[in-house]
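In the numbering used here, the protein residues as written are 51 to 474. Ideal Cβ positions, reconstructed from N, Cα and C, are used throughout, including at glycine. Small disclaimer: the values here were computed from a predicted structure and weren't measured. The structure under discussion appears below in the form of structure tokens.
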């Protein structure tokens with residue numbers, strides 16, 4: 051048997067990159083090994099992608115982060131991939147309320163061997179050539195959208211065309227053919243994180259979403275999400291991924307009943323939403339318990355009639371379906387008279403909530419004070435079978451909240467009982 055062997059070597063000792071796989075030990079806790087990994091990627095890129103890695107004069111830059119820096123105001127961190135940028139250059143970037151056209155006030159980079167996101171003194175530059183991570187200070191960047199393209203205005207460019215391009219880019223990224231009429235409201239910090247979250251919700255979780263946005267959660271976002279309250283309460287939810295939530299938005303959400311779940315990890319958002327949805331299902335199920343009627347047919351044992359008047363106490367057999375506490379009973383063969391609801395059941399001298407086909411039970415049936423009283427022996431007897439009183443509404447509630455508790459035999463019984471109660 052032939053086997054192909056793959057050689058491997060530690061990155062610091064590997065000299066034959068074509069025949070050996072370089073191993074780079076890294077730590078997610080300390081960050082150790084990350085510089086080695088970046089260095090290896092650089093070396094391999096320079097050796098194998100020489101023809102594809104070419105410097106171009108046309109500026110190519112992407113907004114990575116929007117941050118407020120004390121003394122500088124709102125700044126953007128960008129990655130300059132190609133071209134050269136200068137202080138006082140005019141730039142166009144995507145904004146939450148439309149394209150932003152502004153002039154660079156300062157081009158800055160961190161001190162040597164410092165990370166751009168770490169707070170500290172910055173070095174100011176008159177011009178910077180690619181490739182480089184840059185912090186830009188300029189007026190009007192408060193609504194800039196991370197993850198979008200930054201464009202530099204040149205003498206040949208029409209500012210309005212660049213603004214239109216930025217707007218189209220933003221709208222195209224926000225447009226999503228997978229939105230549904232009923233779904234949650236999704237908010238993320240950047241376009242990249244938004245796309246990752248939407249893909250996770252759509253492909254892995256099967257959670258529908260009706261609208262999306264980027265940036266902090268404001269009152270207007272809660273207002274949009276609140277439209278689901280009248281359509282599907284479980285979707286009146288905002289999933290906020292790695293974004294801030296304004297106090298005004300939280301207060302308004304509490305006022306109207308919109309739930310906001312926020313987390314910095316996608317899976318935590320999913321867990322919070324699923325837990326909330328299960329809570330809603332349990333509450334709705336409990337609320338529907340009194341009105342949802344399961345199909346059942348009871349046969350009274352003549353020798354086990356203990357009380358003939360309200361409350362009626364008889365021994366009976368569950369011939370079909372499921373008898374449950376609270377179930378309303380009628381006697382179709384005696385003019386469809388209603389004899390009350392099951393208030394307690396005993397099986398083998400133990401109280402039970404449910405009795406299924408084949409069970410022998412002692413059954414206590416109470417009639418409400420406002421109903422006409424019917425007596426065993428006068429209005430009905432052991433030859434009459436007792437049926438649960440179903441309706442179109444009760445059937446719908448069973449389908450919606452208790453489907454998993456029904457068996458195929460129960461559904462067949464429900465179908466046979468429909469003509470008895472004139473249900474279409």
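Practice task
Please go through the region 221-262 and give each complete alpha helix (DSSP H) segment of 4 or more residues, from N-terminal end onward.
Solution key: 241-249
Exercise for the section: State buried or exposed for residue 105, treating a residue as buried only when at least 16 other CB atoms are found within 10 Å of its CB. Expected result: exposed
Exercise for the section: Check whether the Cβ atoms of residue 387 and residue 429 sit closer than 8 Å, and answer yes or no. Expected result: yes
Exercise for the section: Could you check what DSSP says for residue 65 in three-state terms: helix, strand or coil? Expected result: coil
Exercise for the section: Compare the C-alpha of residue 65 against each of 87, 78 and 93 and name the closest. Expected result: 93
Problem - Cβ-based neighbour list, residue 289, same chain, cut-off 6 Å, excluding 5 preceding and 5 following - result: 234, 236, 311 and 319
Practice task
Specify whether the region 315-331 and the region 396-408 touch according to this definition: at least 3 beta carbon pairs, one from each stretch, less than 8 Å apart.
Solution key: no
Exercise for the section: Answer with buried or exposed for residue 467, where buried requires no fewer than 16 other C-beta atoms within 10 angstroms of its C-beta. Expected result: buried
Handout entry: Residue span of the alpha helix (DSSP H) that contains residue 91, given as start and end
Key = 84-98
Problem - Anticipated Cβ contact below 8 Å, residue 418 with residue 345, distance rounded - result: That belief does not hold up - the Cβ atoms of residue 418 and residue 345 are roughly 22 Å apart, past 8 Å.
Practice task
With a floor of 4 residues, list each alpha helix (DSSP H) that falls wholly inside the region 144-222, ordered by position along the chain.
Solution key: none
Practice task
Quick one: grab the DSSP three-state call for residue 375.
Solution key: coil
Practice task
Would you list the residues sitting across from residue 136 in a DSSP beta bridge?
Solution key: 177
Problem - DSSP three-state assignment for residue 312, whether helix, strand or coil - result: strand
Problem - Close-in-space but distant-in-sequence residues of the same chain around residue 176 (CB under 7 Å, 5 per side omitted) - result: 136 and 137
Handout entry: Residues near residue 83 in its chain [Cβ-Cβ closer than 7 Å; skip 5 each side]
Key = 74, 75, 76 and 77
Handout entry: Residue range of the unbroken alpha helix (DSSP H) whose run includes residue 302
Key = 297-306
Practice task
State the CB to CB distance for the pair residue 128 and residue 112, rounded to an integer number of angstroms; the pair is presumed to be in contact (CB under 8 Å).
Solution key: 6 Å
Handout entry: CA-to-CA distance, residue 142 to residue 212, given in whole angstroms
Key = 7 Å
Problem - residue 426, buried or exposed, once every other Cβ within 10 Å from all chains shown has been counted against 16 - result: buried
Practice task
Pair every Cβ in the region 267-285 with every Cβ in the region 238-248, then say whether three or more of these pairs are closer than 8 Å.
Solution key: no
Practice task
Can you give me the Cβ contacts of residue 172 inside the same chain, cut-off strictly under 7 Å, excluding the 5 residues immediately before and after it?
Solution key: 158, 159, 160 and 185
Exercise for the section: With DSSP as the reference, label residue 120 as helix, strand or coil. Expected result: coil
Problem - Pick from 304, 306, 62 and 266 that is closest to residue 295, judged by C-alpha positions - result: 266
Problem - Identity of the residues DSSP links to residue 400 by a beta bridge - result: 397
Exercise for the section: With distances taken Cα to Cα, identify the nearest neighbour of residue 209 among 156, 152, 179 and 190. Expected result: 152
Practice task
Can you tell me which of the three DSSP states residue 388 falls into?
Solution key: strand
Handout entry: Delimiting residues of the alpha helix (DSSP H) encompassing residue 60
Key = Taken as a continuous stretch (DSSP letters only), residue 60 belongs to no alpha helix (DSSP H), being part of the beta strand (DSSP E) at 57-60.
Handout entry: Limits of the unbroken alpha helix (DSSP H) element including residue 458
Key = 458-467
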